[in-house]
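Enquirer:
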Amino acid sequence: TDNSSLLTFVIGVFLANFPEAMSSSGTMKACGVKTVTILAMWGTIFVGTGFGAALGALTFPPGSGEKRSSILIQAGIEGLCGGAMLTMIANTALPEAFEQGGNVVGLSCLMGFMCAIAVKSLSMG
2 TDNSSLLTFV
12 IGVFLANFPE
22 AMSSSGTMKA
32 CGVKTVTILA
42 MWGTIFVGTG
52 FGAALGALTF
62 PPGSGEKRSS
72 ILIQAGIEGL
82 CGGAMLTMIA
92 NTALPEAFEQ
102 GGNVVGLSCL
112 MGFMCAIAVK
122 SLSMG
């Protein structure tokens, strides 16, 4: 991939995860979890994600996307991850958001999806 695709990907990941991270960190802090513990948990996720990315890069090097088996495995992984994210959002984030934010949450969620689609569209153009 080129650098513009990488940049749009990083921006998309940041936009998608920042509100979730702030919400869960605020909830943990309100429940009395120490700041050091919260930072340690997010640090562990950060490092684990880096290892996962490295494993993915080693398992599927550039050019491996041409094999049918690699395409199917990658599609399965992406589908599983997407389903897990939607499940988490539907079970945890949306009910809490509606409780605390009211009806504006639906519009905010829609705008988040629109931002994701815009970032994806810009990276394809």
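Residue numbers (the working numbering): 2 to 126.
We treat Cβ as the ideally placed atom computed from N, Cα and C, and that holds for glycine.
#1: Exposed or buried, which one is V120 when buried takes at least 16 other CB atoms within 10 Å?
#2: Do you know offhand how far A54's Cα is from M89's?
#3: Counting Cβ pairs closer than 8 Å, one from the region 57–64 and one from the region 38–48, do we hit at least three?
#4: Got a sec, what are the start and stop residues for the alpha helix (DSSP H) F52 sits in?
#5: Within its chain, find whatever has a CB closer than 8 Å to the CB of P20; leave out the 5 residues flanking it on each side and keep chain order.
#6: For the alpha helix (DSSP H) holding C82, just list the boundary residues, first then last.
#7: Taking the continuous alpha helix (DSSP H) assigned at P96, which residues delimit it?
#8: When DSSP labels each residue in this structure, what does P20 get in the three-state scheme?
#9: Compute the Euclidean distance between the alpha carbons of V106 and T93, then round it to the nearest angstrom.
Expert: On the basis of the data shown:
#1: The residue given as residue 120 occupies position 119 in the sequence shown. V120 is buried by the Cβ-count criterion.
#2: The residue you call residue 54 lines up with position 53 of the sequence shown. The residue you call residue 89 lines up with position 88 of the sequence shown. Cα atoms of A54 and M89: separation of roughly 21 Å, rounded to the nearest angstrom.
#3: Flag = no, the region 57–64 and the region 38–48 do not touch.
#4: Here the question's residue 52 lines up with position 51 in the sequence shown. It spans T36 to T60 - the alpha helix (DSSP H) in which F52 sits, taken as one unbroken run.
#5: Within the sequence shown, the letter at position 19 stands for residue 20. G113.
#6: The count along the sequence shown starts at 1 and reaches residue 82 at position 81. Per DSSP, C82 belongs to the alpha helix (DSSP H) from R69 to M89.
#7: The residue given as residue 96 occupies position 95 in the sequence shown. Its alpha helix (DSSP H) spans residues L95 to G102.
#8: Reading the sequence shown from its first residue, position 19 is the one you call residue 20. The answer is helix: DSSP assigns P20 an H, G or I state.
#9: Within the sequence shown, the letter at position 105 stands for residue 106. Within the sequence shown, the letter at position 92 stands for residue 93. Distance between the alpha carbons of V106 and T93: 14 Å.
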